[in-house]
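Reading through the structure tokens given below for one structure.
Take a look at the structure:
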């Protein structure tokens, strides 16, 4: 049996993603940034970068990497790019 089609507003999608990201342990401000970018990706049709990425975000992070880490484990195609505070 198929599920009925549902329309979700941009603000509701963003709030859902932000809530999920904070429950995954992201600080509130970072969760809002991620939620905005993921919801915008869905809105512009880049579905592979939107809410469908939540299961990947839910996986436990490598303890050597994180938003406050100075370096990450050395892996192919991995880079840590420092970003100045806004």
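In the numbering used here, the protein residues as written are 54 to 139.
We put the beta carbon where it would ideally sit given N, CA and C, even for glycine.
Rounded to a whole number of angstroms, what is the C-alpha to C-alpha distance between residue i and residue j?
| i | j | result |
| --- | --- | --- |
| residue 103 | residue 76 | 18 Å |
| residue 83 | residue 58 | 31 Å |
| residue 106 | residue 54 | 25 Å |
| residue 111 | residue 69 | 14 Å |
| residue 101 | residue 109 | 11 Å |
Suppose contacts are defined by Cβ-Cβ distances below 8 Å. Is residue i in contact with residue j by that definition?
| i | j | result |
| --- | --- | --- |
| residue 71 | residue 85 | yes |
| residue 94 | residue 74 | no |
Is residue i helix, strand or coil when you go by DSSP?
| i | result |
| --- | --- |
| residue 80 | coil |
| residue 99 | coil |
| residue 64 | helix |
| residue 93 | helix |
On the DSSP letters alone, give me the boundaries of the alpha helix (DSSP H) that residue i sits inside.
| i | result |
| --- | --- |
| residue 108 | 107-111 |
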